[in-house]
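Position in the sequence shown counted from 1, then plus 11, gives you the numbering used here.
The C-beta atom is built at its ideal place from N, Cα and C for all residues, glycine as well.
On a predicted model such as this, the values are computed, not experimentally measured, just so you know.
Structure first, commentary second.
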Amino acid sequence: MTEDPDTLAMRLGRICRSRDAEAVLVAIGPCHGDDKLAQEIAGRIDVPAHVVSRPKSLRQVAACIGRAEAYVGSSLHGMITAFSFGVPGLIVASEEKAGFRKFSGFLEQLGLTSHLSASWCETEAVLSRMPERGSSTWKGLRAQADAALERHWERVGSLLDGQSDGRQEREARQRRALERLERLDGGRLSVHPTMRGIVVDRAERLVLQAAETAARKEQELARLRGLAADTAEAANRRERELARVEPLIAEAREAANRKRHEVVEITGLFERLESAVNELLNSRPWRIGVRLHGISRRARRKAPIPRVPGIFPDLFRRFHRWKEGLCQNEGFRVQGSGFSTFASTSGRQSGRETCLVENTVALPSDILNPEPRTLNPFCQTLTAGLVICVHNALDDVRSCLQSVLEHTDRKHPIYLVDDGSDAECRDYLAALRERHCQVSLIRNEQAGGYTKAANQGLRAAKEDYAVLLNSDTIVTPGWLDGLIECGQSDPRIGIVGPLSNAASWQSIPERFGAAGDWAVNPLPSGWAVEDMAQALRAASLKRFPRVPILNGFCLAIKRAVIESVGYLDEDAFPFGYGEENDFCLRAGALGHQLAVADHVYVYHAKSRSYSHERRKVLAEQGGEALARKHGKDCVKTCVDALRSDPRLAETRRRFLHHLLTQVPASQCHQPRILFLLPVGGGGGGAHSVVQESSGMRRIGVDVQVAVRKKHRENYRANYPQLPAAEELFFFYQSEAELLSYARGFDIVIATIWNSTELVRTVVDKDPAIMPAYYVQDYEPLFYREGCSRWKGARRSYTCIAGMVLFAKTDWIRREVRQQHGVEVWKVSPSLDHEVYYPRFRQGETDRAVRVSAMIRPGTPRRGAARTMRVLKRLQRELESGVEIHLFGCQPGDFAGHGLQSDYPFQDHGVLVREQVADLLRRSDVFVDLSDYQAFGRTGLEAMACGCAVILPQKGGADEYAVDGANAVLANTEDEDHCYAVLRDLVQDGDLRERIRSEGLRKATEYSIHRAAVSELMVLNTRLAEHRGGPMPAGARPREAA
């Protein structure tokens, strides 16, 4: 027997629970060496067990079997006894060929070959198909076997009665052999009767041995012929593949050579340009000209131009870094150069967790995850003077200045212009100046209007940038560096503005309100300003759109622009409202570009310095003044350009998508959480718990997963690359050890029906712990209605008062609510983009379509037999046009479960996550023909790897799968329909590509981070209620994703 006692106990326990029965273990004793094994199994099995060790007589054995519900064992005598008493029996043959033939030979005569299992791992599936004792099917089988047994004994009797006939036949055969030998030796054997008998017997044995040898050789020859044919076919396929690939390789080499020539040309041009520039800078005329120009500017009392060490220094530095990269990296992949045409996604989760929503084809990882742009080196040395004009509205001013001091480097001075504020605000600003050395204060006793105050600050600021910032704003981390990064990305850019919730054309996600006026986008419920900034950084492509005018709530202006354009027009716009548009138009007329830093978010509360009515009047006056100064046509042209700007529209759309699909981390607190996972790893449910727990730990939550110690190696094998796995898992030996350990946690979560009893024991000992249940399927569907496990699964949803239930699909929530009247909270599913990501598919159009499927015959609801039949039909019809790839079961499982496997396919066996992802990346179609799926994790993972997927209509796969859009949903109760949709998807390349592209897009909406945060939102909300704290307004079971 190859099974270890733990595994055998687990299998026998499942068999007993499926029939709601107890186990009787019969151990014959030392002659079989099974008494110790029986005791070990009885100690490990999780159902009531009785050991009958060393029975005094076979009567005791017969009595045990005769009163049993069923017999399972490796004894032929035990099977005969069971049959004699009318007890359904199952023989578990040892895995040696001789043993298997012994048992099968007996059962074939009785017509009971279906009561034979090749190994213990197949026993559960074979037993599930056997009829129960007393059923009509069993009675029919028994009558058939009785008749066969009668015929068997009749043949035995006839042989015993006819022994003399058999002896005569043998003597006749010996005489014929002797005659042949006498002809060979000339009759010499006739004089030695004893020798004659010996020779005859030996000759007869040799003849029989020769016949057997010839038969074996013939079988071996047939096998070798088949192997040779397969090898020849494989060789032909390889030759055809090589013939197809060779032109592609040649073409790629030619393209690479062309690129190398282009690089050499560009390198030469840049080097010649740099040499010419250096010669110019070092030439006598240039140096004399620079000195004369400086003397001229000083004579006109203008500030000297800052000395710049060369022309285009940043450009040449980038060129040299790029050239060094070519020397170090094969294939022209430029890292850190800033030349990449692909957008940065800084601020997103590390690795592949956030993919670009815009991808409609599978891209290589270096495109999906480009090197982040580094700030221009000048960003580290340049300074900016912050000009903030204040007129009362102390609450807004306080919030603004606190955010500026918190999120701005002290090297950047702050110029506060107090334009006639009241005493409270005046005193606050004076105290602030005393506390912070970088703050300067300019005080106007009488308010002169915003434009004059702003010009006072601009004249005081002598830094590289002057930043006009409204006092009703809240800045965010990295805001100023982001503005400078945008300004330094192109020397032609002179003025930069950020995006905001309320900044006219720079507003996100909406520009207009319900009444048609400018939108003031409120913060979404639960979102902080910093969350919005982080969401924008993650969504931004950093394209820095060029615009004709910018909103004046926050403007970063280069010193050179102020020197060439001048200051704000105090006469035409004394109170603001139009002065920034006028300044922008004047700057644009002189050749300065205006850009939006589309990765920077600054919150704008809208000024309280003026009433709404006063603001409306000032805005109308400012608009009229602007039209008089620049003309209505100019203003209209600017408005039309801003209204239709495609890059701003794309940024708004991407930002809105991010708001709808992400959860702010600021909502999450950090309770101590323990998941109970008392099963072996490798399944979809275990993957969910492990990767989401790991995601919680990534954001600082103290969470662990409790697993039985006997599964330790299994989990290590399934999650070899999981960070900090030893800290994540707690492996326990006994229930007492688990209960003691769990008392240190705030929340204990069941993950399967039978773990709710463990949770109940925990909370009974410590009621302060909140019980929860991560419902990942409707588990009563797993079992026969009425059996003990079916009853236990049904009880699990209501067995603990106040238990928090949460699930990731509406289907699960609906089933639990309809069957048990219990509400279930909704959380987001998780997807590990570090493991599941697409690959580049260029040049693969001519090969066969690869179809992958997971086959799990040990789980009947997964439809293994149906899937194998459908794939067989597909392969028989399309032949070389399709490749079938299977994974999920052992090689012997196909025959052991009676699956149709007589067609070409490649079986990859049982795979870990990384291997599954690699197979899916090499596949075109993934098919899941389960009876139903509560979620269908592998389907979503296949989407992320670039497969077009087919999933069952029934269940919760529609949580992410939309039939005909990003997936195909099959009616798995209709096998013809399953085959038709699979054939269409394999044959229609355009349909397959559309489904695949939309699936990739959909997969980007899910991440481990989002799932972890959504679960923490639910758990924190309910924990507050559990401890008697206040519940958020309107809290109820709902979607937390």
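Close beta carbons around residue i, own chain, < 7 Å, minus the five adjacent residues each side
{"i": "Gly459", "result": "Asp430"}
{"i": "Asp2", "result": "Residue numbering for the chain in the displayed model covers 12 to 1052; residue 2 lies beyond these limits and cannot be assessed."}
{"i": "Ala159", "result": "Gln120, Leu121 and Gly122"}
{"i": "His418", "result": "Val486, Thr487, Pro488 and Trp490"}
Close Cβ partners of residue i (< 8 Å) along its chain, the five nearest in sequence each way excluded
{"i": "Arg1005", "result": "none"}
{"i": "Tyr476", "result": "Leu393, Thr394, Ala395, Gly396, Leu494, Ile495, Gly498, Ala567, Ile568, Lys569 and Arg570"}
{"i": "Gly755", "result": "Arg683"}
{"i": "Thr134", "result": "Arg22, Ile26, Val83, Leu101, Val103 and Ser128"}
{"i": "Ser125", "result": "Val137, Arg140 and Met141"}
{"i": "Pro689", "result": "Ala717, Val718, Arg719, Ile763, Asn765, Ser766 and Leu769"}
Beta-carbon spacing of residue i, residue j below 9 Å
{"i": "Ala60", "j": "Glu80", "result": "no"}
{"i": "Lys965", "j": "Glu984", "result": "yes"}
{"i": "Ile780", "j": "Ala753", "result": "yes"}
{"i": "Leu4", "j": "Val478", "result": "What the structure shows of the chain is the stretch from 12 to 1052, and residue 4 is not part of that stretch, so it cannot be assessed."}
{"i": "Val714", "j": "Phe686", "result": "yes"}
{"i": "Trp516", "j": "Asn562", "result": "yes"}
{"i": "Val486", "j": "Cys411", "result": "yes"}
{"i": "Ser29", "j": "Cys810", "result": "no"}
{"i": "Pro424", "j": "Val450", "result": "yes"}
Close-in-space but distant-in-sequence residues of the same chain around residue i (CB under 6 Å, 5 per side omitted)
{"i": "Ala73", "result": "Thr92"}
{"i": "Lys150", "result": "none"}
{"i": "Ala20", "result": "Ile52, Arg55 and Ile56"}
{"i": "Met90", "result": "Gly100 and Ile102"}
{"i": "Ser35", "result": "For clarity, residue 35 is Val in the given sequence; the question names Ser instead. Counting only Cβ-Cβ distances below 6 Å, and skipping sequence neighbours, we find His61 and Cys75."}
{"i": "Val933", "result": "For clarity, residue 933 is Arg in the given sequence; the question names Val instead. So the list is empty, once near-sequence residues are dropped."}
{"i": "Ser9", "result": "What the structure shows of the chain is the stretch from 12 to 1052, and residue 9 is not part of that stretch, so it cannot be assessed."}
Beta-carbon separation (whole angstroms), residue i vs residue j, contact threshold 8 Å
{"i": "Pro559", "j": "Gly599", "result": "6 Å"}
{"i": "Phe937", "j": "Val960", "result": "5 Å"}
{"i": "Lys720", "j": "Tyr743", "result": "6 Å"}
{"i": "Arg55", "j": "Pro16", "result": "6 Å"}
{"i": "Ile504", "j": "Gln604", "result": "5 Å"}
{"i": "Glu541", "j": "Pro488", "result": "6 Å"}
{"i": "Leu749", "j": "Ala717", "result": "6 Å"}
{"i": "Leu910", "j": "Pro868", "result": "6 Å"}
{"i": "Ala928", "j": "Gly947", "result": "Not a contact, Cβ separation roughly 16 Å."}
{"i": "Ser699", "j": "Ser841", "result": "6 Å"}
{"i": "Ala783", "j": "Pro791", "result": "So it is not a contact: roughly 20 Å between Cβ atoms."}
For residue i, three-class secondary structure by DSSP
{"i": "Phe564", "result": "coil"}
{"i": "Trp529", "result": "strand"}
{"i": "Asp609", "result": "strand"}
{"i": "Phe666", "result": "helix"}
{"i": "Thr1032", "result": "helix"}
{"i": "Asp974", "result": "strand"}
{"i": "Gly300", "result": "helix"}
{"i": "Asp582", "result": "coil"}
{"i": "Glu845", "result": "coil"}
{"i": "Gly508", "result": "strand"}
{"i": "Val274", "result": "helix"}
{"i": "Met90", "result": "helix"}
{"i": "Cys798", "result": "coil"}
{"i": "Pro902", "result": "coil"}
{"i": "Ile961", "result": "strand"}
{"i": "Ala81", "result": "coil"}
{"i": "Cys411", "result": "helix"}
{"i": "Asp377", "result": "The predicted model places Asp377 with a pLDDT of 30, which falls under 50 and marks its position as unreliable; any figure quoted below should be read in that light. Asp377 falls in the helix class under three-state DSSP."}
{"i": "Cys400", "result": "strand"}
{"i": "Ala38", "result": "strand"}
{"i": "Thr371", "result": "Unreliable positioning characterises Thr371 in this predicted model, as indicated by a pLDDT of 30, which lies under 50. A coordinate reading is not provided."}
Unbroken alpha helix (DSSP H) runs of length 4 or more, entirely within the stretch 415-492: which are they? For the stretch 415-492, the full-length alpha helix (DSSP H) segments reaching 4 residues or more read 434-446 and 461-471 along the chain.
Mind pulling the alpha helix (DSSP H) runs of 4 or more residues that sit fully within the stretch 676-756? 695-709, 723-729, 736-739 and 746-753
Which runs of the alpha helix (DSSP H) spanning at least 4 residues fall entirely within the stretch 983-1041, listed in chain order? 986-998, 1000-1014 and 1019-1037
To test your reading of the DSSP string, which unbroken alpha helix (DSSP H) runs of 4 or more residues are found completely within the stretch 909-942? 924-932
Whole beta strand (DSSP E) elements within the stretch 751-834, 3-residue minimum: Under the rule that a run must span 3 or more residues, the beta strand (DSSP E) segments found entirely inside the stretch 751-834 read 758-761, 781-785 and 815-818.
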